[in-house]
């Protein structure tokens, strides 16, 4: 079935990940990120037997990204990486960081605790982090894969603002280059997003890593690299809330 996207508030949207129609008037509209994504984690709503982060984070699917991200880290001389959201660390553990320190941030407390217990090591830490609301640590590279596609416009703007305010060097994040126009959603659902189109208006990225979906709908999906100095200071029509306290660097 060809996916449909939101054109008017209240219109159902076909979620390609969950393979079902969704009502965008769901009360989750007022829920915070912790509630939304903790429920997704606990119920394995995205339906992968391998990872709670969903089929898009399975190792077979991620081979190309794993190799190209390692090369990018090497070529840019990256010394510190923030992976936000880090999910259950299913694929990122296989990336060659070339000696860079790693911080995995996520809004799901029990997931962060599990990652800390299972995967912490010298130069590798995990932290509870809502990167829409809290100050983001200053690093060389922020990796934000498959997150903004699940965010409302307001949460996308807040995330981009927190990333820019962090003083970090680069942002590598998901975008779709042939999306005709962006649509707003309830945070926790899904749609393709083009960060170069309104209401975000980012410039052309410095470079991209192919991250195509397995079906024909989304062969334009990439991980795009921006210098964080390129991120707009303001997004017309959207006013991000002030960041909470509690930032730290790595």
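Numbering (full-length UniProt numbering), first residue to last: 1 to 250. Here a beta-carbon is modelled for each residue, glycine too, at the ideal position from N, C-alpha and C.
Query: According to the Cβ coordinates, are residue 175 and residue 195 closer than 7 Å?; Result: yes
Query: The beta strand (DSSP E) that contains residue 126, what's its start and end?; Result: 124–128
Query: According to DSSP, simplified to helix, strand and coil, what is residue 48?; Result: coil
Query: Where do the N-terminal and C-terminal ends of the beta strand (DSSP E) with residue 143 fall, by residue?; Result: 141–144
Query: If we call anything under 7 Å between Cβ atoms a contact, is residue 172 one with residue 225?; Result: yes
Query: Check residue 43 in the structure and name its three-state DSSP category.; Result: helix
Query: How would you call residue 132, buried or exposed, if buried means at least 16 neighbouring beta carbons within 10 angstroms?; Result: buried
Query: Could you tell me whether the stretch 94–105 touches the stretch 146–164, using the rule of 3 or more Cβ pairs below 8 Å?; Result: no
Query: If you draw a straight line from the C-alpha of residue 212 to the C-alpha of residue 222, how long is it?; Result: 7 Å
Query: Helix or strand or just coil, what does DSSP make of residue 224?; Result: strand
Query: Quick one: what does DSSP say residue 176 is sitting in, helix, strand or coil?; Result: strand
Query: Return the bridge partner residues of residue 104 from the DSSP annotation.; Result: 83, 126
Query: On a CA-only basis, which of 66, 101, 73 is nearest residue 90? Give me that one, please.; Result: 66
Query: Measure the CB-CB distance between residue 240 and residue 149 and report whether it falls below 7 Å.; Result: no
Query: Can you give the Cα-Cα distance for residue 165 and residue 135, rounded to whole angstroms?; Result: 8 Å
Query: Return the Cβ separation of residue 139 and residue 168 in integer angstroms, given the expectation that the two are a contact with Cβ distance under 8 Å.; Result: 5 Å
Query: Closest to residue 85 by C-alpha separation, out of 59, 128, 70, would be which residue?; Result: 128
Query: I need the boundaries of the beta strand (DSSP E) containing residue 208, first residue and last residue.; Result: 207–210
Query: Excluding the five sequence neighbours on either side, which residues of its own chain have a C-beta within less than 6 Å of the C-beta of residue 69, listed in chain order?; Result: 95
Query: For residue 62, report the span of its alpha helix (DSSP H) as first-last.; Result: 59–76
Query: For the alpha helix (DSSP H) holding residue 163, just list the boundary residues, first then last.; Result: 153–165
Query: Go through its chain and collect everything with a Cβ distance to residue 74's Cβ below 8 Å, but skip five positions before and after it.; Result: 96, 98
Query: Buried or exposed for residue 187, please, with buried defined as at least 16 other CB atoms from any protein chain shown within 10 angstroms of its CB.; Result: buried
Query: Along the chain, where does the alpha helix (DSSP H) containing residue 116 start, and where does it finish?; Result: 109–119
Query: Nearest CA to the CA of residue 56: which residue from 71, 88, 181?; Result: 88
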